[in-house]
Structure formats: structure tokens, C-alpha cells
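If you read the sequence shown in our numbering, its first letter stands for residue 82, the second for the next number, and so on. All C-beta atoms, glycine included, are put in the ideal place defined by N, C-alpha and C. Have a look at the structure below before the remarks.
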Amino acid sequence: MAYTGGIQMLFMDNLKKLIDGNHPLINNTSKILSERPQFQLLYQELHSIIQTLFSIHEDRHHQHHELEKVRDLKKRFKEVVEEAQDTIDLYLSAVSVNFTNSRLSPMSDVFKTYLDLEKVMRSINSIKVEFMTIDIHNMKMDSSPRIDDTLKTHSARDAAGTGTCSTNIPLEDFVVGLDRDAKIIRDKLTEDTKQLSFVSIVGMGGLGKTTLAAKLFNDSFLKYHFHIRAWVTVSQTYAKRDLLIQILTSIGVQEDLQKEHDSKLHEKLHKKLMGRRYLIVIDDIWSIEAWDNLRLFFPHENTGCRILLTTRINEVALHVKPHGYVHSLPCLTEEESWELLKHKVFHGDECPKWSIKPGMQIVKKCEGLPLSLVVMAGVLAKEAMSQDLWQNIAYSVRSSYGVSDQKECMETLALSYHHLPDHLRECFLYLGGFTDHFRINVREVIWLWVAEGFIEEVGNRSLEDTAKAYLTELIMRNLVMIAKRNEIGDVKACKLHDLVRELCVQKAKEEGFFLKIDSPRLSSQLLEGITYKQPRIFTNQNVNILKIPHSLTRAIRTLLCFHVYAHWLESIPRSFVLLRVLNIQRLQRCDIPQGLELLVHLRYLSIEIWYPYKFPLSICKLWSLQTLIIQTAISTSMRLPCQITFLENLRHLRSNSLLCFPYIEKPMNLHSISNVMFGDGLGNFQKYFPNIKKLAVYGATDDECHFELLPYLENLKLTGKGLQGHIAFPATLKKLSLVRCLLPCIQMSLIQLLPNLEVLNLQGDLTRRGRKWDACEQQFRQLKLLTLDTLHIKHWKATSTSFPCLKKLTLRRCIYLEEIPLEIGDIATLEHIEINKCNMSLVESVQRIQHEQHDMGNSELKITVDGMELSFYLPQQGSSESKKYRWHAQMFMGYLKQIINCNDIPFINNNPMILCERPQFQLLYLELGSI
82 MAYTGGIQML FMDNLKKLID GNHPLINNTS KILSERPQFQ LLYQELHSII QTLFSIHEDR
142 HHQHHELEKV RDLKKRFKEV VEEAQDTIDL YLSAVSVNFT NSRLSPMSDV FKTYLDLEKV
202 MRSINSIKVE FMTIDIHNMK MDSSPRIDDT LKTHSARDAA GTGTCSTNIP LEDFVVGLDR
262 DAKIIRDKLT EDTKQLSFVS IVGMGGLGKT TLAAKLFNDS FLKYHFHIRA WVTVSQTYAK
322 RDLLIQILTS IGVQEDLQKE HDSKLHEKLH KKLMGRRYLI VIDDIWSIEA WDNLRLFFPH
382 ENTGCRILLT TRINEVALHV KPHGYVHSLP CLTEEESWEL LKHKVFHGDE CPKWSIKPGM
442 QIVKKCEGLP LSLVVMAGVL AKEAMSQDLW QNIAYSVRSS YGVSDQKECM ETLALSYHHL
502 PDHLRECFLY LGGFTDHFRI NVREVIWLWV AEGFIEEVGN RSLEDTAKAY LTELIMRNLV
562 MIAKRNEIGD VKACKLHDLV RELCVQKAKE EGFFLKIDSP RLSSQLLEGI TYKQPRIFTN
622 QNVNILKIPH SLTRAIRTLL CFHVYAHWLE SIPRSFVLLR VLNIQRLQRC DIPQGLELLV
682 HLRYLSIEIW YPYKFPLSIC KLWSLQTLII QTAISTSMRL PCQITFLENL RHLRSNSLLC
742 FPYIEKPMNL HSISNVMFGD GLGNFQKYFP NIKKLAVYGA TDDECHFELL PYLENLKLTG
802 KGLQGHIAFP ATLKKLSLVR CLLPCIQMSL IQLLPNLEVL NLQGDLTRRG RKWDACEQQF
862 RQLKLLTLDT LHIKHWKATS TSFPCLKKLT LRRCIYLEEI PLEIGDIATL EHIEINKCNM
922 SLVESVQRIQ HEQHDMGNSE LKITVDGMEL SFYLPQQGSS ESKKYRWHAQ MFMGYLKQII
982 NCNDIPFINN NPMILCERPQ FQLLYLELGS I
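Next comes the structure, spelled out in C-alpha cells:
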């Protein structure tokens, strides 16, 4: 089926289930069974339109008015699908309420007790009739629509259309923070290799890729090194002929090239480059296809020629990589950002002292994006120079200040959005709903995307794996930034640059994708004046959303609340009966809202309850639920009811309390469970959780635990003193955590045989053997991270072959361990040894490892002790007083940096008084660092 959008795909899937009898309500009522003919007819009509309307390839050569008709019909079709979905879901809700004999009388103006699709069918027929008037014979048909090709082109394309061509090489401007990058790339361009090679500069829009390329293009040494230099700007829409003319004009060909045939142009360029050492800069390339077309223009002679590319898309750079080098351009540091802002505002003159504090706040909000800094400098430079102005800009707004002045900046970033494939647009826009400076948990946003219906089913891949691939693609396109990685490099948290978030909000508003309420002033205005459908509400304000008219609340499918209190919680079930996603985890309430069972379409629920001992039975009636996150005010144990098995679609169950399963008679579709307690209900994991991938189990048992029978298990955590029985692990295991398990000795020797194990966390006593761990005879073949925490071992033996792939070794609170085996330092892959709260003899053994590695030429091994570099932790040459002061200074500098970056100091995020003083902390850090 052609791609029509995530919500439309979700509806078609649900419609198919109603027809085939796979819907949870089918077996419960004949009322739904009697409506199958209507479902069947609707499905056939929608499917036929999708196969035709959404299979048209919107080519730029098509007539403009024909394309506009197609786009208008697609928009109308999606509105019809939404109307049909609301009608059917309201009907299903009404049937469900009647079936469950709920004591709650549903609101008559919300529920529909009969199914009426007459209006929907009329709209479908209207679309079909109008579609027949479109001349599709000259339009290309494809199985999936492509990106709109009518985007604004760059100057080279515009110039070509008028019969002239401009090389459009940027002039070198004041450059900050690019010297190191320029040196690395200059060395790559001039290294002693004769064959043609390629260098790619990758980064998000506005990061300075073109500026860096221009700096290199105009570099005096490179001018001398290369006989010929040429610059070509590709952009999103291009023609090979135009690019040929650009390159020829750039290298000085003065002939009337517009009259020449393409083959003649190619011949001219080939002759000009043959036998010469050339440098070609290909700026702003967007596709692999464009690169494959361009590379044919250049002769492959062994003369040391180089091609330098800039792109926002990692996939393009990686496609070129087998023949070259990829350089990812980082954001500017805060120090570099301040230098750039100062220069753009004061043009080299000394800045007033009063400008430093608000200037640092402005710099912080620009998040290292040069384009944003330049735009902000333009705003500041246009106004009269005053302290009040700078403070108003710094305190009252985000980086979106002066949106009208940021038009060029936003248009530049918008190019990346318009170039997104259809299946990524909804996922990208969704991220814009999260609050500013919010680190988005990757696991939870993936669950949300799945619940919203954004993710397509691809072969045998799970929806979560496909969602991860979507996120990776957004990161590769430099629209999403990585905020945190786990120990083995997987992305754990992501975020958006402020300007990118502003773009999301702007596009979401244009497309009616979500309503974002992020200020008290806007909340009442938006809710009282709302007159159009908004399927999603994101809010961090305590607003009364009950002011939304009832005729519109039924259209709301998502409610994500990031604030901590709302007095309208009780009315959610009755007012928002079509919700798919509900996040009220931070609402401080004492009980579950009455009537929660009305939300039968809910697929994602995150909630906090104050009485953890009793699991809310109303949740067990939410048949569609896929993800359930229950936080409790008190971390204790919570017994689940037998009715938990009613949740046949439940994939993820997460809680901060221990979950006690009852005896269950049928398997569940759970993929991940947190904090499960051993008990009567957990006799056979294979029987009850055959699809489990991630499992955390707590408690003691004398029974044998056959985890090896779980064919998909990848992540396992076992906590509990005295696991007496035999434990067998599956070969699929990638991460294993053992906390106070006291395993038999033979178990440790079996763990090292696991072929896919990458992370091993050992906490508490290892085995009953005592205080010695001899790993010389063991080999953990794929292990990348080893953590030893609070182990009572005194002696540890190992060789470099025991952990051949180890990247990081972490030891915490191992107060008895006297030393780390010297051979650990010989592991070729080892990057970091981290020591926390261990004895001094162990630290000295790490120092011996460092000295030995330095003597062997390995200076890359990083060693930290209690958060400090080893060289600062251990005594240095000099007086005892200087050693003491140096140690304390390093500790204070590290703490100051934590405050500036908000790392691991939770109260900073909740205290605006500290937030507003960050510029002073930043200034103090800079001054101390210079000393």
C-alpha cells in the first residue's frame, strides 16, 4: 500500500481487524458483527483511492495546476479518513460502555450509539469524481510518493534559468571555532596519496559547513597546492547540465556555454581537468543520486586530486566514505559562540562590561549554532545599544526572539524539513511538542511513536526497531541532536536545537498537527479561541482544558502534560473518549480518575498513583493498551490482578515498584517488564512471556530458571540474594546485570560463553568461592563494557585475551580489590578505565598501567578516578600545599562545569534563580580557566 501517513495506516489496519474478526470487541458483541458490511465497503473504497491517488509521483515537470489538484485531493482524503476514524471509534466506545455495564453514563453529545457513515461515503464519492477530471496519463505512477519537488532553489538554478550562471562562492567571513576543523581537513586534502579521494563535511543546517568549505577554498596553501579549483552548489533540485556549467564557469571558461550540447560540456570539463591536480568543492549536496551523477564528470587520474563535499545528510557522506573521509562538524562551544556574537555586534571593538552577563545568556540559548548567533547579532546590532535591551532579550525570550528577523535562518532550516520522506515528517514534528531544553528519552518517544501509529510494519522487524531506524535517520539528517548515549554507544536521549524546535512548532501549527501550550498567557487565549481540530495537546501549564468545546474534545487523540497539577483530571475520561496517548505521570493525585475504562482506544498510558498496593482494575479494561507506565509515590511492591491478561496488546510494562504477577493461564505479548518479583505467578517465563526482550527480576528462588528458553531475550537483570537454583542464560543475551546473586561458581564460567554479550554488570558478591576471581581461562568474546560494583573480591586475575573487545572498565566501591591486572592495559580496544571510591593501591595499579601504555606509545587510554583525570588525582611534583590547592581547584572547576551544563544536579532544573545566574558561573569558569 502506498504511504498515506501514520494515522491513516493505523486506521486501515484497525478497519481490517474489524472485518477479519481480530478486534478485541468482536468476540464480545453481535452489534459490531452486524456492521461488518459497512466496514468492508469503507475499506474497499479507501483502499482503491490510496492505490491511485497516493501512487502519483509528483514530478516537477508536471503541470502546476494538476499537481495542486492532486495535493488538494490528498489533503481532503486525509480529512475524510480522520472523520471516518472518529465516527467508528465513537461507535466502538459506545458499544464498549454498554457491554461493560459501566455505571458511568456517557455524555450523549460525545458518544455515538449507532454507526452512520453516510457523510463519509459522500465525501469519498466527491473525491473520486474530482480525481477523474485530473489528467494522470502524463503523470508518473509509483508505489510511494516522493518529496515535493517545487521547493525554492538556490541562486545557481535561478541564474541558469535566465541564461547566466553564477559560481556563488561564499566570501570568507569572520570565522570562529573552525581552525581545528580546517587543519584536519587541510591535512586530508594534501596528504601524500596520488589517487582521487574525497572529504565530506557533515552537519545540520546553519552549522557552518559552507563557511568552512569557503575558508579552505580560499586557503593560500591550497591555492598553491592545486592547479585548478572549482566550486559548485548542488542544492535539493538540480540538473546535471546546470552543474556542468557552474563548474566550467568557476574554472574560468568564458565561452557561451548555454548553446553547447551536454556531451560537449562534459568533454570541455574533462579536457580542462585532465592531467591537472584539481580541488572541486561540491556544496550542499542532498542525495546519493546527485553524487553518483556528479562523480562521472571528474577524471580519475593519479595526480593527487581531491573533491570536498558539504551535506546535511550522513547517508550521502557514508556513501562516499569508502573512498574518503567524513568530518562531522560540531556546534560551537560557549566560548567560541561568545567570540562570534561579540564580533558580529561590536565589529572588533571592546564590548561593554554590562553586555557580558546577558550576552552569555543569549549565547547559551543559541546552543552553538552559528546561523542562530549571526541572526541574534543582527537583532542586537539593529537596536540602540542599551543594557535594558540586552537583558530583555536574554531573560524574556528563547532563541526565537525576533522571529521576523530570523526569516532567512528559518527558511534555511526548513529546507531540511521539506526534504524529509513522508514517513519521517510526523515523527519529527512530534518532537517539537516537548518542552524547551527537554532531554527526550529515546525509549519512551519510540513507544509514543508506535502508539500514535507513525511506524510502518516492515517485514519481520518489530515496530520498535523500525522506530529506532526512523530516529537514527533523523539524527543522520542532523535535525535531531544526541543528548546522551549509553555505555556501548546507543542513543539514550535526544534533543532539538531551539531553532529546530521553533521550526517544528511553526510547521505543526500550519498543518494542525498539535497544539502546544507553553505559557500562562497563551493558555487561556488558545483554549477559549480554539475553533479547529487539534488531534494532540502538549502542555507544561496548569490550564483548564475543559474550556475546549465538547464538539472538539472528541477529536483530541493525545494529551501529554508536563506540569505537576491539574484540577480537571477527573473529567479526562468523559471529555476525551478517543484518546490514544495519555501522559499524566506528573499530576499529583491520590487516586485514578473515575471512568478510566471509557478510554478503550488508549494505546499509551503513563500515570502516577499514590496507593501502590492496589493495582487499578479499570486499567485492565483498556484492550488497546500497548505501553503502561505506572509510577508510585512510594516504591514498594504492587500485586497485579488476574485480569492483567486481558491486555492482549500490552508490550511494555514499567514501574518503579516491584510487580507481583498472579498465576496467569495464558501467555502475554509483553516485550519488556521492569521490576518483576519472583513469586507464584512466575513459574514458567517461556509460557507466560514468550516474546520478552527485556526483563528485570527481583527476589530469591530455589527453582531452576530456564531463561535460555526465551528466544528473544536481550537484556536481563537479576537482583536478589541467594538464587539457589540453576540459572541458564540464552545465547541472544546482550546485556546482563547480576546484583547480589551469589551464583554458583559454574555459572560464572557459563556467562563467558554467551556469544553476543556486550555489557556485564556485577554488583555484590560474585560467587560463593570467596575473594578471588580468576578469569584467565575465560574469554568474553564480545564484551564491550564491564562494571564491577561493590564486589568483595581481593584478587583478580585476567589476561588481555580474557576481554578482547573491551572498551570501558568501571570499578565502583571495590574496597578490597588491591589491583587491576596489568595485562588489562594491553587490550587494544580499551578506551576508558573509570575508578570510583576504591582503595589507593588499586589506583596506583592503574597508574602503572598508564605508565606502561605511555611507554608503548599508547596515549589515548583515558583513566579517571572519582571523576578526575588520574594526573590530577595522584600526587604530582611540587610542594604538598601546591598539590592540595591544585586538587581542590580541579574539584571546584568540575563542580562549576556541572552547574553550567546542568549535569547530575537535579535541583538546577527546578530553580529559576540558579538558571538566571548561569552567565556569571560561565564567566567565572572562563576567568579561572585562563589562570
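Within 10 angstroms of the beta-carbon of Thr813 lie 16 or more other beta-carbons, which makes it buried. One alpha carbon belongs to Ile265, the other to His408, and they sit about 9 angstroms apart. Shown here for Thr392: same chain residues with a beta carbon closer than 8 angstroms to its own, the five before and five after excluded, namely Ser281, Ile282, Val283, Lys290, Asp365, Ile366, Trp367, Ala398 in chain order. The criterion of a C-beta distance shorter than 8 angstroms is not satisfied by Trp435 and Thr708. Cys575 is bridged by DSSP to Ile521, Ile563.
Every alpha helix (DSSP H) of 4 residues or more that sits fully in the segment 819-907 is shown, in chain order, as 826-832.
Within its own chain, the residues whose Cβ lies closer than 7 angstroms to the Cβ of Tyr769, once the five positions on either side in sequence are excluded, are Ile745, Pro748, Met749, listed in chain order. Secondary structure at Trp367: coil, using DSSP grouped into helix, strand and coil.
Burial of Arg638 is indicated by the presence of at least 16 other C-beta atoms within 10 angstroms of its C-beta. Where Val444 is concerned, the enclosing alpha helix (DSSP H) starts and stops at 437-447.
Partner residues in the beta bridge of Ile665, as assigned by DSSP, are Ile688. When the alpha-carbon of Leu843 is set against those of Trp854, Asn837, Leu834, the nearest one is in Trp854. For the options Asn395, Glu396, Lys402, the alpha carbon positioned closest to that of Ile388 is the one of Lys402.
A check of alpha carbon separations from His873 across Val778, Asn920, Ser883 identifies Asn920 as the nearest. Taking one beta carbon from each stretch, the segment 329-340 and the segment 371-390 have fewer than 3 pairs nearer than 8 angstroms; the two do not touch. Under the DSSP assignment, Trp419 falls in the alpha helix (DSSP H) whose first and last residues are 415-427. Annotation for Ala550: no beta strand (DSSP E) segment contains it, though the alpha helix (DSSP H) segment containing it runs 544-557. Around the beta carbon of Tyr195, fewer than 16 other beta carbons lie within 10 angstroms, which makes this residue exposed. Straight-line spacing of the CA atoms in Leu776 and Gly845 works out to 20 angstroms. Remark: C-beta atoms of Ile711 and Ile688 approach each other more closely than 8 angstroms.
By the Cβ-count criterion, Leu114 is exposed, with fewer than 16 other Cβ atoms from all chains shown falling within 10 Å of its own Cβ. Per DSSP, the beta bridge partners of Gly405 are Phe279.
Remark: three or more beta-carbon pairs, one from each stretch, lie closer than 8 angstroms, so the segment 736-743 and the segment 719-727 are flagged as touching. Look at the beta carbons and you see the segment 570-584 touching the segment 506-524: at least three pairs across the two are nearer than 8 angstroms.
Looking only at Ile100, Met93, Asp170, Asp101, the smallest Cα-Cα distance to His128 is reached by Met93. Asp300 is positioned such that its CB atom lies no closer than 8 angstroms to that of Arg261. In the DSSP assignment, Ile326 is bridged to no other residue.
Less than 8 angstroms divides the Cβ of Glu678 from the Cβ of Lys702. Between Ile394 and Arg558 the beta-carbon gap is near 5 angstroms, inside 8 angstroms, which marks them as a contact. Ser716 and Glu912 have their C-alpha atoms spaced approximately 37 angstroms apart. Rounded to whole angstroms, the gap between the alpha carbons of Lys209 and Ile215 is 10 angstroms.
The segment 499-506 and the segment 543-558 touch, with no fewer than 3 CB-CB distances between them shorter than 8 angstroms.
Here Thr168 carries a helix assignment [DSSP, helix/strand/coil].
The beta carbon of Lys423 lies closer than 6 angstroms to those of Cys432 in the same chain, with the five residues before and after it left out. By a beta-carbon distance limit of 8 angstroms, Lys425 does not contact Val444. Their separation comes to about 12 angstroms. A Cβ-Cβ distance of about 6 angstroms is found for the pair Leu640 and Leu660, placing them in contact under the 8 angstroms criterion.
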